[in-house]
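Asker: Each residue of the sequence shown is one higher than the one before, counting from 3 in my numbering. Glycine is no exception: its CB is placed at the ideal position from the N, C-alpha and C atoms. Keep in mind it's a predicted model, so treat the numbers as computed, not measured.
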Amino acid sequence: MKMSILTEKIKPSATLSINTKANELKKKGINVLSYAVGEPDFDTPKHIKDAAIGKILEGKTKYTPTGGIPELKDEISKKFKKDNNIAYSADEIFISAGAKITIYEALLSVINPGDEVIIIEPYWVSYPEIVLLCGGIPKFVRTDENFEINTDEIEKNLSSKTKAIIINSPSNPSGAVISEKTTRKLADIVIKHNLYIISDEIYEKIFYGNFKPVSIAALPEMKERAITVNGFSKSYAMTGWRLGYVGAPKDIINEMKKVEMQTVSCIPYFIQYAGVVALQGPQDCVEEMKKKFEERRDYVVKLARKIFSCNVPDGAFYIFPNHSDYSKDSIRFSGFLLENAKVAVVPGIAFGENFNKYIRISYATSIENLKTGFDAIEDALKKFKQ
Numbered sequence: 003m004k005m006s007i008l009t010e011k012i013k014p015s016a017t018l019s020i021n022t023k024a025n026e027l028k029k030k031g032i033n034v035l036s037y038a039v040g041e042p043d044f045d046t047p048k049h050i051k052d053a054a055i056g057k058i059l060e061g062k063t064k065y066t067p068t069g070g071i072p073e074l075k076d077e078i079s080k081k082f083k084k085d086n087n088i089a090y091s092a093d094e095i096f097i098s099a100g101a102k103i104t105i106y107e108a109l110l111s112v113i114n115p116g117d118e119v120i121i122i123e124p125y126w127v128s129y130p131e132i133v134l135l136c137g138g139i140p141k142f143v144r145t146d147e148n149f150e151i152n153t154d155e156i157e158k159n160l161s162s163k164t165k166a167i168i169i170n171s172p173s174n175p176s177g178a179v180i181s182e183k184t185t186r187k188l189a190d191i192v193i194k195h196n197l198y199i200i201s202d203e204i205y206e207k208i209f210y211g212n213f214k215p216v217s218i219a220a221l222p223e224m225k226e227r228a229i230t231v232n233g234f235s236k237s238y239a240m241t242g243w244r245l246g247y248v249g250a251p252k253d254i255i256n257e258m259k260k261v262e263m264q265t266v267s268c269i270p271y272f273i274q275y276a277g278v279v280a281l282q283g284p285q286d287c288v289e290e291m292k293k294k295f296e297e298r299r300d301y302v303v304k305l306a307r308k309i310f311s312c313n314v315p316d317g318a319f320y321i322f323p324n325h326s327d328y329s330k331d332s333i334r335f336s337g338f339l340l341e342n343a344k345v346a347v348v349p350g351i352a353f354g355e356n357f358n359k360y361i362r363i364s365y366a367t368s369i370e371n372l373k374t375g376f377d378a379i380e381d382a383l384k385k386f387k388q
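(1) Spatial neighbours of E131 within its chain, please: C-beta separation below 7 Å, excluding the five flanking residues on both sides.
(2) Among A220, F44, A366, S237, which one has its Cα closest to the Cα of I229?
(3) Measure from the alpha carbon of A24 to the alpha carbon of each residue in K373, E341, A352, A382, then state which is nearest.
(4) From F149, L59, F319, K141, pick the residue whose C-alpha is nearest to that of I156; which is it?
(5) Below 8 Å, can you find three or more Cβ-Cβ pairs linking the segment 237-244 to the segment 193-201?
(6) Do C136 and L110 have their CB atoms nearer than 7 Å?
(7) What are the boundary residues of the beta strand (DSSP E) that includes V302?
(8) Can you list, in chain order, the residues of its chain whose CB lies under 8 Å from that of G354, leaving out five sequence neighbours each side?
(9) Pick out whichever of I120, M258, V39 has its Cα sitting closest to the Cα of G70.
(10) Bridge partners for K80 per DSSP, in chain order?
(11) Which of the three DSSP states is assigned to K236 in this structure?
(12) Any chance the segment 35-46 sits against the segment 354-368, with 3 or more Cβ pairs inside 8 Å?
(13) Can you tell me where the alpha helix (DSSP H) holding K260 begins and where it ends?
(14) Buried or exposed: which applies to A89, given that a residue is buried once 16 or more other Cβ atoms fall within 10 Å of its Cβ?
(15) Within its chain, find whatever has a CB closer than 6 Å to the CB of P67; leave out the 5 residues flanking it on each side and keep chain order.
(16) On a Cα-Cα basis, can you pick out the residue from D117, I269, L59 that is closest to I103?
(17) Would you call the CB atoms of Q35 and G337 closer than 7 Å?
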């Protein structure tokens, strides 16, 4: 029987697919190092786990309010004010099963079939597929060689059908942080053309030096036009907990709630309470992880530059090196590395048609693993034939 036309348009997640292949090889006894998945290798901090366990033992395992428990909304509201200078009230906050589903619910709430959504290349692999699932049309605007956004190019690609722009800072896959100057230019475009902007800030806490990201919703006239997406996965090493949230105008939140009621329903209390404790508790764990990521970034960039052309990321935990000295086909090249170096990376074409000469490497792993993997890559490339 024929499958849905809607789902036939959708591609599987490249990052999850490659990590699955790596795990299948491991099950066969083949030692594979995976740099494919964007998951901190740190454990969730103990005080957060203990809080969730305590609530399970108390019997807090029943249904919760759709959109989030009041305690967590209150803490998220404080966090937005303190960290981002955005005054979101409880009815402007929405909590769901990870940042990914909130992006889907938000887009489903603001776009109509045939509406266009501007996506900046290189992009996180799920953005175009989420737009397609919502009946929208992804339109791509590439960054320059330093992964900086050209706002003039965005304006050139706007049409009467454009409804929204998606930005991600720090960026997955490039690690680029959008400057305050560019953020203000983006705000001007959004206001001028009466658009929405979805600002994915999941890597917000993982920035290096003075490259702190700016939340676009904090700028004048932008709160009513911005949908600010965040979560606990990256900053608190809570990827498997699936806890994300959004700050947005109340009318958008109400639409998202309707979608949630008919799909996810609600998020377990003990998981949301873990989020409360994460935000209320000491933030040393976040800073310690960030410090480790910075050490790894410096180390892996040195290794990568012996082999590839590689920018220094300002945030997140990925490098996005250019491998065009060896191959201009990222699928072939990443396949070669998996087969010959036993290292899993993500081909750059997964992040945009213009990035077929790149691979994404996650450095959310130990220094030892990075050294082992890059030694294997260097050895394997001695046999590579263009």
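Answerer: Checking against the coordinates, here is how it stands:
(1) In the sequence shown, counting from the first residue as 1, residue 131 sits at position 129. Around E131: I12, K13.
(2) Against the sequence shown, residue 229 aligns to sequence position 227. Nearest option by C-alpha distance: A220.
(3) Counting from 1 along the sequence shown, the entry for residue 24 is found at position 22. Measuring from the Cα of A24, the nearest candidate turns out to be E341.
(4) The sequence position of residue 156 within the sequence shown is 154, counting from 1. Of the candidates F149, L59, F319, K141, the one whose C-alpha sits nearest the C-alpha of I156 is K141.
(5) no
(6) The count along the sequence shown starts at 1 and reaches residue 136 at position 134. The count along the sequence shown starts at 1 and reaches residue 110 at position 108. Their beta carbons are under 7 Å apart, which means C136 touches L110 by this criterion.
(7) Numbered from 1 along the sequence shown, position 300 holds the residue referred to as residue 302. From DSSP, V302 is part of no beta strand (DSSP E) but of the alpha helix (DSSP H) over 286-307.
(8) Residue 354 sits at position 352 when you count from the first residue of the sequence shown. For G354, where only same-chain residues beyond five positions count, the Cβ hits under 8 Å are E123, P124, Y125, F142, R144.
(9) Counting from 1 along the sequence shown, the entry for residue 70 is found at position 68. Selected option, being the one with the closest Cα: M258.
(10) Taking the first residue of the sequence shown as position 1, residue 80 is located at position 78. Beta-bridge pairing links K80 to no other residue.
(11) Against the sequence shown, residue 236 aligns to sequence position 234. Coil at K236, not helix or strand.
(12) yes
(13) Position 258 of the sequence shown, counted from the start, is the residue given in the question as residue 260. Its alpha helix (DSSP H) spans residues 252-263.
(14) Here the question's residue 89 lines up with position 87 in the sequence shown. It counts as exposed.
(15) Taking the first residue of the sequence shown as position 1, residue 67 is located at position 65. The answer is none, since no qualifying residue turns up.
(16) The count along the sequence shown starts at 1 and reaches residue 103 at position 101. Per the Cα distances, I269.
(17) Counting from 1 along the sequence shown, the entry for residue 35 is found at position 33. Counting from 1 along the sequence shown, the entry for residue 337 is found at position 335. Note on residue identity: the sequence assigns Leu, not Gln, to residue 35. For L35 and G337, no; Cβs fall outside 7 Å.
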